[in-house]
Amino acid sequence: MHIMYTKMKVTALGDFAEILSREFRWPKPGDQAFTKSSDWQQNALTTQGVHGRLVLMMTGYKEAADTLVDEAQQSGFKRDTLIYPVIFLYRQFIELELKYLIYTFGGRVGVEANWKSHDIAFLWTEFVKVLAGYGVQDPDKTDAVVSSIVAEFAKVDPQSYSYRYPVDTRGHEVPLGVDVLNLSALKDVMDGVGGYFTGCDGYLDHLAD
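0 is the number of the first residue of the sequence shown in numbering that gives the first Met the number 0; add one for each residue after it.
Set out below in structure tokens:
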């Protein structure tokens, strides 16, 4: 059964009583989205330079996804609402991690940085070339585990599009590769993937010295 949602209906499904009791924030003259506070504890800083910004971006996407998963534990409505940004954010984390590792370590072994592709399956194959170029061994077969996880994300969201838009550029509905998802289990698996990428970063840095 398909349910036609409106923005108010979705909000009301969350907690209608809470909606009735709260004050709505309404746009007012003088509002600006991008401002600075005189209290510097209220400000966030962006980073200049590709390398440092890339590190903070991939870290930020992962932490944002983790935070949303924690928030989603409050209710089924939260889970059904936050599943879309969670999948996108974890996928973006994987994409940026692979691009970071290729960019940082690939040049020495003939693997050029690739900023154009959003195909994480392809980026994974490029990263494997980097590992091979440094002679990295994999006695516990962890590479195969992470490869399988990357392949899962590549299957359910091939071009980082499926969980950002309901339709494609022609207006056709985007099919979803996931109907039901255990968000807590996803977060746990992604903690492992994050640890793997951190380990690769440290080990490749050691080999590159």
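From the three backbone atoms N, C-alpha and C, an ideal C-beta is built for every residue, glycine too.
Bear in mind that the values here come from a model prediction, so they are computed numbers and not experimental data.
Taking a cut-off of 8 Å on C-beta distances, the stretch 110–129 does not touch the stretch 75–89, as fewer than three cross pairs fall below it. The beta carbon of residue 199 sits closer than 7 Å to those of 100, all from its chain and outside the five residues before and after it, given in chain order. According to the DSSP assignment, residue 123 belongs to the alpha helix (DSSP H) that extends over 119–132. Judged by beta-carbon spacing, residue 133 lies beyond the 8 Å limit of residue 91, meaning their Cβ atoms are not closer than that value.
The beta carbons of residue 161 and residue 182 sit about 17 Å from each other, so the pair does not count as a contact at 8 Å.
Within its own chain, the residues whose Cβ lies closer than 7 Å to the Cβ of residue 167, once the five positions on either side in sequence are excluded, are 173, listed in chain order. The DSSP assignment places complete alpha helix (DSSP H) segments of no fewer than 4 residues inside the stretch 63–109 at 75–104, in order along the chain. Within the same chain, and ignoring the five residues on either side of residue 56 in sequence, the residues whose Cβ sits closer than 8 Å to its Cβ are 95.
Distance from residue 145 to residue 177 at the Cβ level is roughly 19 Å; contact not present, criterion being Cβ atoms closer than 8 Å.
It is roughly 14 Å from the alpha-carbon of residue 79 to the alpha-carbon of residue 64.
For residue 198, the uninterrupted alpha helix (DSSP H) run begins and ends at 182–207, by DSSP. Here the C-alpha atom of residue 136 lies approximately 18 Å from the C-alpha atom of residue 147. Under a 10 Å Cβ-count criterion, residue 81 is classified as buried, with 16 or more other Cβ atoms of the shown protein chains found around its own Cβ. Take the alpha-carbon of residue 117 and the one of residue 159: they are about 7 Å apart. In the three-state reduction of the DSSP assignment, residue 166 falls in the strand class, which pools E and B. Distance from the CA of residue 204 to the CA of residue 62, rounded to the nearest whole angstrom, comes to 24 Å.
The beta carbon of residue 71 sits closer than 6 Å to those of 77, 78, 81 and 182, all from its chain and outside the five residues before and after it, given in chain order. With fewer than 16 other beta carbons inside 10 angstroms of its own, residue 35 counts as exposed.
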